[in-house]
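Let me begin by presenting the structure, written as C-alpha cells, before commenting on it.
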Amino acid sequence: MDYRILTAGDSAVSIEFGNSIDPLICTTARAARMKIEGARIKGITELIQTYCCVMVQYDPRVILYDDLCEKLHSLMADVDLSAVAGEKVIMEIPVCYGGEYGPDMENVCSHTGLSEADVIRLHSEPDYQIYMMGFLPGFVYLGGMNEVLETPRLKSPREKLDAGAVGIAGKQTGMYPMESPGGWQIIGRTPLKLYDPDRETPILYESGEYLKFVPISEEKYNEIKKLVDLNEYVYEKRKEG
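Under my numbering, the first residue of the sequence shown is numbered 772, with each subsequent residue one higher.
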C-alpha cells in the first residue's frame, strides 16, 4: 500500500494515500482510520478522514512525533482492505424533492435538459459513498452522482439554507445538516435531523459509509418531521455484502 506521512503543524500528521477523488483511495483511508482507532494509541486525540488521507491529531506531551510515526508505519504495514471493501453500511435518507423543498430544481433541469422526474430518478438511484465530512458538522461530500446531473454552483450563494437541504455542486451532491449560507443548487430537503449535539450519536453516519436518497411526498415529509421533532423517529442502517 502506497502512502506517506506528512507533518501537519506541531500536533498533527497526515497519512496520505493519493491525490485524487477515488473509491479505492477512500476505502484505503477508511481502513487505515479504523486500524488506527482499533490500536488505541495513547496520545492520539482525534482522527479525521478526508478524500485521500487521514489526519492524526495528537498530544505531544503524551506521545512524541517520532514515536507516533513509528507506530503509524507499523500499523500501515498491516492494513486489511478486505475488512471494509466487502461490506457496505447504508443509511437511507428520505428526501422531498422540488417545490419549496427544492428551489433550484428548475435550474438543474434547465442546465441538464432533464425533466424533474428524471432528475429525481437519477439522483436517488445510486448508493453514495461518503468521501469525507467537513465545512459543517455532518456535512457530507458524496461520490457516485450520475454525470448528467452535474450543475455548477449558484453564482451568488444564499445567506441561509434550511437544515436538511440536499444539493448539487459540480460533480458532487451533499446535504446541509443545519441552517447555513450555501451556494449549492438545492433540489430537495430531508426531514431528518442530520446533526444533533444532544444526541448520543450527534452525527448519524461516518466517512466510508453510504447514503441512499429515497424520494418521499410532502405528506410523508411532514409525518417523518413530526416524529423527528418528538425524538420518536428510529434512524437505521443496513449492511450489504
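In this text, a Cβ means the ideal position worked out from N, Cα and C, and glycines have one as well.
Asked, Found
"Rounding to the nearest angstrom, what Cα-Cα distance links Y976 and F910 in this structure?", "10 Å"
"Would you mind sorting P874 into buried or exposed? The rule is 16 or more other CB atoms within 10 Å of its CB.", "buried"
"Any chance the stretch 933-940 sits against the stretch 951-967, with 3 or more Cβ pairs inside 8 Å?", "yes"
"Are the beta-carbon atoms of V825 and I815 separated by less than 8 Å?", "no"
"Could you give the residue range of the beta strand (DSSP E) that holds G938?", "936-940"
"Using only alpha-carbon positions, find the residue among G870, M949, G869 that is nearest to L907.", "M949"
"Just reading off the beta strand (DSSP E) that A888 is part of, what are its end residues?", "That residue, A888, is in no beta strand (DSSP E); its alpha helix (DSSP H) goes 887-894."
"Measure the C-alpha to C-alpha separation of M847 and N878 and round it to an integer number of angstroms.", "45 Å"
"Considering just the uninterrupted stretch of the alpha helix (DSSP H) at Y836, what are its terminal residues?", "836-847"
"If you reduce the DSSP assignment to three classes, tell me which class A779 lands in.", "coil"
"Using the Cβ count rule (16 or more neighbours within 10 Å means buried), how would you classify E980?", "buried"
"Hey, could you find the ends of the alpha helix (DSSP H) C823 is sitting in?", "Element bounds for C823: n/a, residue is neither H nor E."
"What would DSSP say about T944, mapped onto helix, strand or coil?", "strand"
"What is the rounded straight-line gap between the Cα of D1000 and the Cα of I834?", "44 Å"
"Can the beta-carbon of C867 be found less than 8 Å from the beta-carbon of I987?", "yes"
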